[in-house]
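Numbering (the numbering used here), first residue to last: 1 to 249. All residues carry an ideal CB built from backbone N, CA and C; glycine is no exception.
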Ligand SMILES: [Cu+2]
């Protein structure tokens, strides 16, 4: 009776051992499968495993500092913080200050008037906001106006420069007033002045000193040749643009 019981127990143990061995084999097999899946996931680039976020999170901060040094790649001209950064011609490219001239001054003179042309070849209106000249203590935008029979000069404030137009500074009208001349202006010399524009930034141009009784430069640019009486003249291109839509039915 006892032997039978022992035999039954032995059989039971073997059965348990067999089960344990089976479980162990199944566990090893499962580990092998799991290992190969993990290995595949690690090598597969698109696998949505934990390695993916680990790879992108260091990549993100890398792009942020890369952008920061890239933003000042479009340097805005000083004085024109609103200038849009585009590949197209900037407002500064489309403003040209030409034909600057003034008259020679006698010894002791403290003032002089500068005349020139401001050409705006862009489609956006601009305005002159200021002027600088080293030759005088003060430079300002002036306007001559007739009050009855007397011509009076006054500060012009900001001067509008319409789109596709030339603004002419000429005797009897707009001029740049130099006050507190540091030295007499001598015929044949030239000097630089700088005009500031709301959109077009700072534009430096040359001013030629003509004879004391000069009425204007003998040889003007092509644009200036067309300026006779008008102080603001549309550019030829602008006139063509105006005609073009009229021809369309
Ligand atoms: Cu004046």
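Exercise. Quick one: what's residue 126 bridged to in DSSP?
Worked result: In the chain shown, residue 126 corresponds to position 126, counting from 1. In DSSP, residue 126 forms a bridge with 161.
For this session: With distances taken Cα to Cα, identify the nearest neighbour of residue 206 among 110, 166, 189 and 163.
Result: As a first step, residue 206 must be located in the chain shown, where it is residue number 206. When only C-alpha atoms are compared, the closest one is 189.
Problem set entry | Quiz: which residues have CB nearer than 7 Å to ligand 1 non-hydrogen atoms | 113, 142, 144, 153, 175 and 177
Exercise. Residue 91 and residue 172: beta carbons closer than 7 Å?
Worked result: The residue given as residue 91 occupies position 91 in the chain shown. The residue given as residue 172 occupies position 172 in the chain shown. Cβ atoms of residue 91 and residue 172: not closer than 7 Å.
Exercise. Closest by CA to residue 153, which one among 97, 130 and 144?
Worked result: Along the chain shown, read from residue 1 onward, the residue named residue 153 stands at position 153. Nearest neighbour of residue 153 by Cα position, chosen from 97, 130 and 144, turns out to be 144.
Exercise. Excluding sequence positions up to five away, which residues of its chain have a Cβ less than 8 Å from the Cβ of residue 131?
Worked result: Reading the chain shown from its first residue, position 131 is the one you call residue 131. Cβ within range, chain order: 139, 140, 141, 176, 193, 194, 195 and 196.
For this session: Identify, in the order they occur along the chain, each residue of the same chain with its Cβ nearer than 7 Å to the Cβ of residue 136, setting aside the five sequence neighbours on each side.
Result: Residue 136 sits at position 136 when you count from the first residue of the chain shown. Non-local beta-carbon contacts of residue 136 in its own chain, meaning distances under 7 Å to residues more than five positions away in sequence, involve 178, 179, 180, 181 and 182 in chain order.
Exercise. Can you pull the DSSP bridge partners for residue 189?
Worked result: Translated into positions along the chain shown, residue 189 becomes position 189. None, per the DSSP bridge assignment.
Problem set entry | Range of the contiguous beta strand (DSSP E) that encloses residue 210 | Position 210 of the chain shown, counting from 1, holds the residue named residue 210. Looking at the DSSP string, the run of the beta strand (DSSP E) that includes residue 210 is 201-210.
Problem set entry | Own chain partners of residue 187 with C-beta closer than 6 Å, once the 5 adjacent residues on each side are dropped | The sequence position of residue 187 within the chain shown is 187, counting from 1. Only 104, 209 and 211 meet the Cβ criterion.
Exercise. Under 7 Å, do residue 204 and residue 158 count as touching if we go by C-beta distance?
Worked result: Working through the chain shown from its first residue, we reach residue 204 at position 204. Working through the chain shown from its first residue, we reach residue 158 at position 158. No, Cβ-Cβ distance for residue 204 and residue 158 is not below 7 Å.
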